[in-house]
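This report concerns only the one structure given below.
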Amino acid sequence: MTRLNVLLHEMVPDHQIMTPEEVAKLLADYDITEEHLPKMYHDDPAVKTCGAKPGMVIRITRKSQTAGEATSYRLVVRRPKK
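First residue of the sequence shown: 1, per full-length UniProt numbering; consecutive thereafter.
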């Protein structure tokens, strides 16, 4: 059975795993820690497809009608057990 690559869908923005150096620069530029970043669960289909693990930071680049391109960042975390 072939798995669907959600990152290829036209409605899904580009997801890239950031290098430790890129994360360090991001955190220094904004004077924040990783805990200040918005979170994204490890079992999110886009996270699983790009191969990110908890503790990694994802750069999400979306097309924007006003800005042309909008970039956001998410820290991958484990989903809490119920």
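The beta-carbon is built from N, C-alpha and C at its ideal position, and this holds for glycine as well.
Residues that DSSP places opposite residue i in a beta bridge
i	result
Leu75	Lys39 and Val57
Gly68	Ser64
Ile32	Bridge partners of Ile32: none, in fact.
Asp14	Thr61
C-beta contact flag for residue i and residue j at 8 Å
i	j	result
Arg74	Met40	yes
Ile60	Pro13	yes
Val76	Lys53	yes
Cβ-based burial, residue i [other Cβ within 10 Å; buried from 16]
i	result
His36	exposed
Ala28	exposed
Ala70	exposed
Ala67	exposed
Inter-residue CB distance, residue i and residue j (contact presumed, cutoff 8 Å)
i	j	result
Ile32	Met56	Contact doesn't hold; Cβ gap of about 16 Å is too wide.
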